[in-house]
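Accompanying notes for the structure given below.
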Amino acid sequence: MRRQLKDSYSETGRPSIDPELLLRILLIGYLYGISSERKLAEELRMHLAWRWFTGLGFDQEIPRHSTFSKNRHGRFQESKLFEQLFEQIVRQCVEVGLVEGKHLSVDGSLVEANAAKASRIPREQLVEAAQVHRTVRQYLREVEEQNPVEEPVHEQDQASTTDPDSTYATKDSTPARLGYYDNYLVDNDSCVIVGVQATAARMSQETVAAQDMLTRFTVWQGREPESVAADTTYGNGEFLQRLADRNITPYMRTRDSIHRKRSPFFGPERFTYEPEQDRYICPAGQPLNYGGRSHRNHAWTYIGTRKRCGPCPLRPQCTSAAFRCLVIHQHEPARQRARELANTPEFAKAQRQRKKSGSPVSRTEESDRTAARALTTHEIRSGAVLPGSGGAEHQAIGSLPKPTASPADSHHLI
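When you line the sequence shown up against my numbering, it's residues 56 to 469, in that order.
Structure follows, in structure tokens:
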């Protein structure tokens with residue numbers, strides 16, 4: 056850690072605070088849901104176990120709460136130390152066999168942002184609001200830096216002046232609120248979190264985050280997982296096809312439209328595809344020819360004719376229209392495979408394991424508030440602890456005692 060942060064130190068001036076000390080103190084705050092840095096510093100003075108964890112002696116001074124604030128709003132945003140620490144812990148779990156990485160689960164939780172609904176204004180007014188809101192000025196500046204010539208991404212009509220990155224959304228029939236999606240990839244057997252990624256609170260972003268986390272974890276362990284379990288949110292054709300391309304078994308139900316779920320007519324699985332003719336054969340043996348492609352729905356259309364469907368004895372079970380129109384998703388084979396797997400004992404087992412691991416951030420109201428502060432887009436990109444530069448706000452303290460390593464401790468984790 057000190058080697059990675061060496062360039063952030065000055066060779067002259069007042070001694071800076073040890074970055075390991077700041078990191079350990081901030082970890083205590085996140086783990087115990089202490090969102091106030093002032094309260095964190097006060098609790099550290101009284102808690103002997105926390106002093107032991109941080110390496111502080113009884114005669115050593117605790118950093119001021121303003122030290123954390125200044126670094127969190129400044130230098131912390133410029134580093135990826137927290138992310139690197141997390142990845143290193145996951146690698147150690149894989150190396151010592153704690154994580155097998157064969158069967159994984161993925162899920163996302165809506166974490167409420169630290170912003171009120173009333174702070175939303177029309178997005179076109181953000182430039183005007185930037186004259187008085189520092190967060191809006193920073194947001195607009197970062198948008199320009201990160202998206203110079205890229206294709207614009209869909210954005211909501213209104214944005215919060217307090218937290219412009221947050222999205223107004225709802226999940227699982229809860230009231231709509233400003234927030235983010237906190238996405239987790241969990242090893243089913245050990246319940247160890249092996250991947251974390253925060254995204255905008257949009258359903259489409261959950262599968263994007265899942266793909267990124269799976270790719271990173273595959274690089275870490277050197278092989279693909281055997282299966283991934285998830286809820287229906289992830290059962291779209293694109294994600295299922297990507298899993299099929301990587302030979303990963305998907306244990307999730309397909310995300311079908313409500314009309315298809317309640318339809319009393321024959322489903323697509325009752326029709327047989329003939330690739331030579333690019334057509335489908337209905338249960339009565341009649342062909343449905345290719346009728347075009349819907350780019351919006353990523354689907355192809357195959358239609359019958361009045362002449363064939365009109366006198367058909369199976370028509371009451373096939374359609375209520377004059378002829379059958381069959382809409383096939385471009386990744387229908389992957390979707391059909393997921394439907395077949397949903398009826399297997401392995402699917403039931405994977406779903407039980409997924410529910411066992413649960414959502415790591417939706418347990419308490421305090422954890423939601425803490426996670427919300429860590430999940431803003433700015434702090435996602437940062438999440439690190441950098442040493443002080445010798446300014447007046449940094450108080451010099453004694454350096455941490457260097458830990459003594461032993462062969463038995465070589466695989467111990469923080």
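Ideal placement from N, C-alpha and C gives every residue a C-beta, glycine not left out.
Taking the alpha carbon of Arg301 as the point to measure from, which residue in Thr287, Gln266 and Tyr328 has its own alpha carbon closest? Gln266
Rounded to a whole number of angstroms, what is the C-alpha to C-alpha distance between Glu98 and Tyr306? 45 Å
Cβ-based neighbour list, Gln408, same chain, cut-off 6 Å, excluding 5 preceding and 5 following: Asn243
Can you tell me where the beta strand (DSSP E) holding Tyr345 begins and where it ends? Pro342 to Ser349
Would you mind stating whether Leu82 and Ile89 have Cβ atoms separated by less than 8 Å? no
Span of the beta strand (DSSP E) around Cys380: Cys380 to His384
Taking DSSP as the reference, what is the three-state secondary structure of Ile303? coil
Count the other C-beta atoms from every protein chain shown that fall within 10 angstroms of the C-beta of Ser91, then say buried if there are 16 or more, exposed otherwise. exposed
Given that a residue counts as buried once 16 or more other Cβ atoms are within 10 Å of its Cβ, and exposed if not, what is Ala439? With a pLDDT of 28 at Ala439, under the threshold of 50, the predicted position of this residue should be treated as unreliable, though the coordinate-derived value follows. Flag for Ala439 reads buried.
May I ask you to verify whether the region 288-299 touches the region 369-378, counting CB pairs closer than 8 Å and requiring at least 3? no
Assuming contact is defined by CB atoms lying nearer than 8 Å, are Gln341 and Arg325 in contact in what I supplied? no
Considering Cα atoms alone, identify which of Ala255, Thr225 and Arg232 is closest to Asn238. Ala255
Exposed or buried, Gly156, counting other C-beta atoms within 10 Å across all chains shown (16 or more means buried)? buried
Sort Ala173, Glu75 and Ser215 by Cα distance to Thr109 and report the nearest one. Glu75
Buried or exposed, going by whether 16 or more other CB atoms sit within 10 Å of the CB of Gln372? exposed
Indicate whether the contact test is met: 3 or more Cβ pairs, each with one atom in the region 132-151 and one in the region 225-239, closer than 8 Å. no
Do three or more CB pairs link the region 326-335 to the region 343-351 at distances below 8 Å? yes
Short check: CB of His158 to CB of Ser259, under 8 Å? no
Apart from the five residues on each side of it in sequence, which residues of its chain come closer than 6 Å, Cβ to Cβ, to Asn291? Arg310
Looking at the secondary structure, which residues open and close the beta strand (DSSP E) in which Asp242 lies? Arg232 to Asp242
Using CA atoms only, rank isn't needed, just tell me which of Ile303, Ala397 and Leu153 is closest to Arg278. Ile303
Given a threshold of 16 other Cβ atoms within 10 Å of its Cβ, counted over all protein chains shown, does Leu381 qualify as buried or as exposed? buried
Assign Ser174 to one of two classes, buried (16 or more other C-beta atoms within 10 Å of its C-beta) or exposed (fewer than that). buried
Does DSSP put Ser259 in a helix, a strand or coil? helix
Exposed or buried, what is Trp275 when buried is set at 16 or more other beta-carbons lying within 10 Å of its beta-carbon? buried
Whole-angstrom Cβ separation of Ser160 and Val241, contact assumed at under 8 Å? 5 Å
Hey, how far is the Cα of Thr431 from the Cα of Ala170? Summary for Thr431: the model assigns pLDDT 40, below 50, so the residue's position carries little reliability; its value from the coordinates is reported in the next sentence. Approximately 11 Å, taken between the alpha carbons.
Top-ranked residue by Cα proximity to Val251, from Glu66, Gln139 and Pro219: Gln139
Would you report the Cα separation of Leu77 and Glu261, rounded to the nearest angstrom? 32 Å
Taking the beta carbon of Arg370 as the centre, do at least 16 other beta carbons fall within 10 Å, making it buried, or is it exposed? buried
Own chain partners of Ala427 with C-beta closer than 6 Å, once the 5 adjacent residues on each side are dropped: Confidence is the limiting factor: at Ala427 the pLDDT is only 43, short of 50, which leaves the residue's position unreliable, though a coordinate-based value still follows. Counting only Cβ-Cβ distances below 6 Å, and skipping sequence neighbours, we find Val166, Glu167, Ala168 and Asn169.
Under a Cβ-count criterion, where at least 16 other Cβ atoms within 10 Å of its own Cβ denotes burial, should Asp218 be classed as buried or exposed? buried
In terms of residue numbering, what span does the alpha helix (DSSP H) encompassing Glu167 cover? It is not in any alpha helix (DSSP H) - Glu167 instead sits in the beta strand (DSSP E) that spans His158 to Glu167.
Nearest-angstrom Cα distance between Gln406 and Phe272? 21 Å
Buried or exposed for Thr288, going by 16 or more other Cβ atoms inside 10 Å? buried
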